[in-house]
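A.B. asks: Dropping a structure here in structure tokens format, bear with me for questions.
Number of protein chains: 2
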Amino acid sequence: MGLSKTEIFTDQQNEISVFAKVFGHPARVAILQHLFKIDTCVCGDLVNEIGLAQPTISQHLKELKHLGLIKGTIEGTRVCYCIDHNNWSKMKQLLLEFLNQDVAISTECC
Amino acid sequence: MGLSKTEIFTDQQNEISVFAKVFGHPARVAILQHLFKIDTCVCGDLVNEIGLAQPTISQHLKELKHLGLIKGTIEGTRVCYCIDHNNWSKMKQLLLEFLNQDVAISTECC
DNA sequence: TTGCTTCATTGCAATATTACGATGAATATG
DNA sequence: CATATTCATCGTAATATTGCAATGAAGCAA
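As structure tokens, this is what we get:
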């Protein structure tokens with residue numbers, strides 16, 4: 001039905017999947033990488049940087065902002081976006097725990 | 001149009017998003033966590049463990065297998081699944097690089 | 001005020017994802 | 001052989017995602 005049955009999973013599992021899903025599109029990966037690379041706010045030139053139409057970029061930014069990974073500040077007619085370092089760290093902690101599950105593994109079977 | 005424009009992004013960005021997307025569903029997160037927790041092959045009881053119908057589980061397993069994160073071995077009428085540690089490590093390296101972008105950041109702006 | 005720039009929102013079309021019943025393939029058991 | 005078990009695949013319905021043209025809102029400049 002196109003609808004995930006989130007109620008049968010743990011909060012942690014749902015949280016991991018929500019963050020992972022936002023990284024599940026190359027445009028959002030590219031936006032975040034650009035924000036980190038510039039190492040400061042990005043004011044306006046994201047549409048030229050990524051090769052998608054302005055409404056599309058705006059929509060991706062909205063999703064990133066909704067999860068708290070970036071924050072936008074209005075500056076005249078422009079909006080400046082940058083990474084929310086605090087929330088990025090929290091998300092990173094959650095995903096690192098998931099990705100590092102394999103360190104506890106002892107046996108090999110297959 | 002529901003179709004990602006992968007051609008305008010780098011191979012690395014597309015790869016990151018492909019792996020992230022597979023973690024973008026709590027059922028697949030739960031399956032992987034269970035495989036790690038059991039620390040050996042899982043033969044058959046995944047449908048009982050996760051609360052979804054058998055065809056649905058089968059479909060999620062197929063996606064995980066397609067990306068190489070798990071491997072399945074036929075054992076009689078059962079199929080035993082386990083983590084592909086080698087590919088998991090490669091995937092982890094790719095995502096860690098992405099998640100750890102923030103360590104290089106010096107300035108704060110917003 | 002008029003026009004320009006920048007970004008958000010709306011509306012829509014195309015495609016993808018999720019979930020499951022029904023069915024099929026393969027093996028084991030009696 | 002007949003039956004049961006286990007898992008994959010097919011088909012389908014419901015919902016989500018992606019992308020963009022059109023439009024709206026807000027500030028700036030002349």
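Protein chains in written order, with UniProt numbering: chain A, 1 to 110; chain B, 1 to 110.
We put the CB at the ideal spot given by N, CA and C, even for glycine.
For Ala30 (chain A), collect the residues of the same chain with a Cβ closer than 6 Å to its Cβ; drop the 5 residues on either side in sequence, then sort them by chain order.
C.D. replies: On the first sequence, position 30 is the one that residue 30 (chain A) refers to. Closer than 6 Å at Cβ, skipping near neighbours: Ile50.
A.B. asks: Are the beta-carbon atoms belonging to Phe23 (chain B) and Gln101 (chain A) less than 8 Å from one another?
C.D. replies: Here residue 23 (chain B) is taken as the residue at index 23 of the second sequence, counted from 1. Here residue 101 (chain A) is taken as the residue at index 101 of the first sequence, counted from 1. Not closer than 8 Å, so no.
A.B. asks: Check Thr6 (chain B) in the structure and name its three-state DSSP category.
C.D. replies: In the second sequence, the residue the question calls residue 6 (chain B) occupies position 6. Helix at Thr6 (chain B).
A.B. asks: Select from B:Lys92, B:Gln33 and B:Ser4 the residue whose C-alpha is nearest the C-alpha of Leu52 (chain A).
C.D. replies: For the purposes of this step, residue 52 (chain A) is taken as the residue at position 52 of the first sequence. Comparing Cα-Cα distances from Leu52 (chain A) to each of B:Lys92, B:Gln33 and B:Ser4, the minimum goes to B:Ser4.
A.B. asks: Using a C-beta cutoff of 8 Å, does Ile83 (chain A) count as contacting chain B?
C.D. replies: In the first sequence, residue 83 (chain A) corresponds to position 83, counting from 1. Judged by the 8 Å Cβ criterion, Ile83 (chain A) is in contact with chain B.
A.B. asks: Tell me, please, whether the CB atom of Lys90 (chain A) is closer than 8 Å to any CB atom in chain B?
C.D. replies: Residue numbering aside, residue 90 (chain A) sits at position 90 when the first sequence is read from its first letter. Answer no: the Cβ-Cβ gap between Lys90 (chain A) and chain B never drops below 8 Å.
A.B. asks: Just checking my contact of Ser17 (chain B) with His25 (chain A) at CB under 8 Å: how many whole Å lie between their CB atoms?
C.D. replies: The residue labelled residue 17 (chain B) in the question sits at position 17 within the second sequence. The residue labelled residue 25 (chain A) in the question sits at position 25 within the first sequence. The pair is a contact, with the Cβ atoms about 6 Å apart (cut-off 8 Å).
A.B. asks: Can you give me the Cβ contacts of Arg28 (chain A) inside the same chain, cut-off strictly under 8 Å, excluding the 5 residues immediately before and after it?
C.D. replies: On the first sequence, position 28 is the one that residue 28 (chain A) refers to. Only Val22, His60, Glu63 and Leu64 meet the Cβ criterion.
A.B. asks: At 9 Å on the CB atoms, spell out the chain B contacts of His25 (chain A), in chain order.
C.D. replies: Numbered from its first residue, the first sequence carries residue 25 (chain A) at position 25. In chain order: Ser4, Ser17, Ala20 and Lys21.
A.B. asks: Using a C-beta cutoff of 8 Å, does Ile74 (chain A) count as contacting chain B?
C.D. replies: Locating residue 74 (chain A) in the first sequence gives position 74, counting from the first residue. Ile74 (chain A) does not count as touching chain B.
A.B. asks: May I ask you to list the residues that DSSP assigns as paired with Glu97 (chain A)?
C.D. replies: Numbered from 1 along the first sequence, position 97 holds the residue referred to as residue 97 (chain A). Answer by DSSP bridge pairing: none, since Glu97 (chain A) is not bridged.
A.B. asks: Does any residue of chain B have a CB that is nearer than 8 Å to the CB of Gly68 (chain A)?
C.D. replies: For the purposes of this step, residue 68 (chain A) is identified with residue 68 of the first sequence, where counting begins at 1. No, Gly68 (chain A) lies away from the interface with chain B (no Cβ there is under 8 Å from its Cβ).
A.B. asks: So which residues on chain A does Gly51 (chain B) lean against when the C-beta distance must stay under 7 Å?
C.D. replies: Against the second sequence, residue 51 (chain B) aligns to sequence position 51. Under the 7 Å cutoff, chain A gives Ile8.
A.B. asks: Can you pull the chain A neighbours of Asp102 (chain B), defined as C-beta to C-beta under 8 Å?
C.D. replies: Position 102 of the second sequence holds residue 102 (chain B). Ordered by position in chain A, the residues that pass the 8 Å Cβ test against Asp102 (chain B) are Phe36, Ile83, His85, Trp88, Ser89 and Lys92.
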